[in-house]
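Visitor: Chains as they are written, first to last, in the working numbering: chain A, 1 to 205; chain B, 1 to 205.
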DNA sequence: TTTATTTTAGAACATTGTTCATTAAAAAAG
DNA sequence: CTTTTTTAATGAACAATGTTCTAAAATAAA
């Protein structure tokens, strides 16, 4: 009997349509402005139905956060087009910044909002695998740089954390609108210029 | 007639007690969890009274944000105890990180939350003076380093933005709990170690 | 003492996330 | 084909939120 299989499929479809609609509305109106009732209305279900597919709003956040990491990792792997690990590392930084600029709401979900991490706590997961995967990838590229003598410093953890912090910092200052209106001469190019200086510092040492 | 003066004083007192209570509750329970009704109850006024002193919740946020900057700037000036601008810059970084660790909720308000900046937009203020003041202070210390030949790079704007981004990045990764659970060997010391590497990079170039 | 002004309170509104009892639908069993 | 059981979806309801509005209380001015 393929009946139960069809039912499982239908359930997954409904679940997916909830997620897709949630994502669409989030990107359109932001997280705060998107309500369960909004999502329900769009997929023509009652609000309470959504709670049969997701425990609460945080679980929707968490799921989208996980999905978004798949996309980020995919983008990050484009850096492998470069042979030189140094160029690869620079490409990685640019890809990361680009991803954040292209998907500010998703970036918020992945790296700023508390909801996904709270949900992780609920699951008793000791590791944040999505973040760890991306971080490990960064570390592997840095290790390659070290192996080829392109970077003097050898503490990979700290180096990776430094690089991540820097790009994350630049990106979040932009997203939170703190990078503007502080008297910069060319605010729109500040990330590029800062990125270049940082690269120089990193490789000339 | 000192009557009207007393009334003005009383109004300011009430306003201040609203702010103090708001701050106390924010620090205690976080922003989301603190409601207008909470604040009202604590100062033994009705919720609607608060709206005679503040336009809305965002104005309370904005005012606390401004107050907090006074405290941060005050802390930052402790760096002047050092003679050497290089040591001063390092002290500045440590003070900044310390401030964020000591006052995570306030840091959120000052550098992450949208509310204060939204309120700035409402006021048609083209400049974020609180942020600019702190940023200008950082730039002055960097300029001193450059003048003494302690840093090779000369683009002060970018250098300042780089340093700010890096410490801001480290701090926000901690506050959003993204720095843990990614497989670091000693997560509790990562900020210190990263800070040291960054200092080395900055001054040996 | 009366009038005017300012300050406070109380009730009410629209929205929010979420729950729960009930109904509708579908599948399984007879 | 009918009945029973399981599953899915709904609608009403709850408590809490920020905020507004009208009326009352308190205070100052006349």
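For glycine and all other residues, C-beta sits at the position ideal for the given N, C-alpha and C.
Here the structure is a predicted model, which is why all the values come from computation and not from measurement.
Taking buried to mean at least 16 other C-beta atoms within 10 Å of its own C-beta, is residue 28 (chain B) buried or exposed?
Guide: Exposed.
Visitor: Assign residue 55 (chain A) to buried or exposed, taking buried as 16 or more other Cβ atoms, counted over all protein chains shown, within 10 Å of its Cβ.
Guide: Answer is exposed; the Cβ neighbour count stays below 16.
Visitor: Expressed to the nearest angstrom, what Euclidean distance is found between the alpha-carbon atoms of residue 52 (chain B) and residue 18 (chain B)?
Guide: The straight-line gap from Cα to Cα measures roughly 11 Å.
Visitor: Using a Cβ cut-off of 9 Å (strictly closer), state whether residue 235 (chain A) contacts chain B.
Guide: Missing from the structure shown is residue 235 (chain A); chain A here goes from 1 to 205 and no further.
Visitor: Using a Cβ-Cβ cut-off of less than 8 Å, list which residues of the stretch 156-185 of chain B approach chain A; keep chain order.
Guide: The residues in question are 157, 158, 159, 161, 162, 164, 165, 166, 167, 168, 169, 170, 172, 173, 176, 177, 178, 179, 180, 181, 182, 183, 184 and 185.
Visitor: Find the residues of chain A that neighbour residue 15 (chain B), judging by a C-beta separation of less than 8 Å, and give them in chain order.
Guide: Simply none; closest approach about 27 Å.
Visitor: Compare the Cα-Cα distances from residue 159 (chain B) to each of B:170, B:139, B:167 and B:147 and report the closest residue.
Guide: Closest by alpha carbon: B:139.
Visitor: In whole angstroms, what is the alpha-carbon distance linking residue 72 (chain B) and residue 169 (chain A)?
Guide: Rounded to whole angstroms, residue 72 (chain B) to residue 169 (chain A) spans 19 Å at the Cα level.
Visitor: In chain order, what residues of the same chain lie with their CB nearer than 7 Å to the CB of residue 111 (chain A), ignoring the 5 residues before and after it?
Guide: Same-chain partners within the cutoff: 168.
Visitor: By alpha-carbon positions, which one of B:177, B:183, B:187 and B:145 ends up nearest to residue 199 (chain B)?
Guide: Minimum Cα distance to residue 199 (chain B) is reached at B:145.
Visitor: Run down chain B in chain order and give the residues with a C-beta less than 7 Å from the C-beta of residue 194 (chain A).
Guide: Those are 158, 161, 162 and 165, listed as they occur along chain B.
Visitor: Considering just the uninterrupted stretch of the alpha helix (DSSP H) at residue 85 (chain A), what are its terminal residues?
Guide: Residue 85 (chain A) -> alpha helix (DSSP H) spans 85-102.
Visitor: Hey, quick one: how far does the alpha helix (DSSP H) through residue 140 (chain A) stretch, first residue to last?
Guide: Taken as a continuous stretch (DSSP letters only), the alpha helix (DSSP H) holding residue 140 (chain A) covers 129-147.
Visitor: Give a yes or no on whether 9 Å exceeds the smallest Cβ distance from residue 112 (chain B) to chain A.
Guide: By this cut-off, residue 112 (chain B) is an interface position.
Visitor: Do we get a CB-CB distance below 9 Å when we pair residue 136 (chain A) with the residues of chain B?
Guide: Closer than 9 Å to some Cβ of chain B, the Cβ of residue 136 (chain A) qualifies, so yes.
Visitor: Does the pairing of the stretch 55-68 of chain A with the stretch 118-134 of chain A give three or more beta-carbon distances under 8 Å?
Guide: Flag = yes, the stretch 55-68 of chain A and the stretch 118-134 of chain A touch.
Visitor: CB-CB under 7 Å to residue 47 (chain B), same chain, minus the five flanking residues each way: which ones, in chain order?
Guide: Within the same chain, residue 47 (chain B) has close Cβ partners 36, 37 and 40.
Visitor: Please return the same chain residues whose Cβ sits closer than 8 Å to the Cβ of residue 32 (chain B), not counting the five positions on each side in sequence.
Guide: Once the five neighbours on either side are set aside, residue 32 (chain B) has no close Cβ partner at all.
Visitor: Would a check of beta-carbon distances place residue 197 (chain B) closer than 9 Å to chain A?
Guide: So, interface residue.
Visitor: Do you know how far the Cα of residue 88 (chain A) is from the Cα of residue 81 (chain A)?
Guide: Computed Cα separation, rounded: 8 Å.
Visitor: If you reduce the DSSP assignment to three classes, tell me which class residue 52 (chain A) lands in.
Guide: Here residue 52 (chain A) sits in coil by DSSP.
Visitor: Can you list the residues of chain B that residue 127 (chain A) reaches, using a CB-CB cut of under 9 Å?
Guide: Neighbours of residue 127 (chain A) on chain B, chain order: 181, 182 and 183.
Visitor: Along chain B, in chain order, which residues have C-beta atoms closer than 9 Å to that of residue 190 (chain A)?
Guide: Within 9 Å Cβ-Cβ: 157, 158 and 161.
Visitor: Assign residue 105 (chain B) to buried or exposed, taking buried as 16 or more other Cβ atoms, counted over all protein chains shown, within 10 Å of its Cβ.
Guide: Under this definition residue 105 (chain B) is a buried residue.
Visitor: Since residue 196 (chain B) is in the alpha helix (DSSP H), which residue starts that stretch and which ends it?
Guide: Here the alpha helix (DSSP H) through residue 196 (chain B) covers 190-204.
Visitor: Taking Cβ-Cβ distances shorter than 8 Å, what residues in chain A pair up with residue 117 (chain B)?
Guide: Here the neighbours are 176, 177 and 178.
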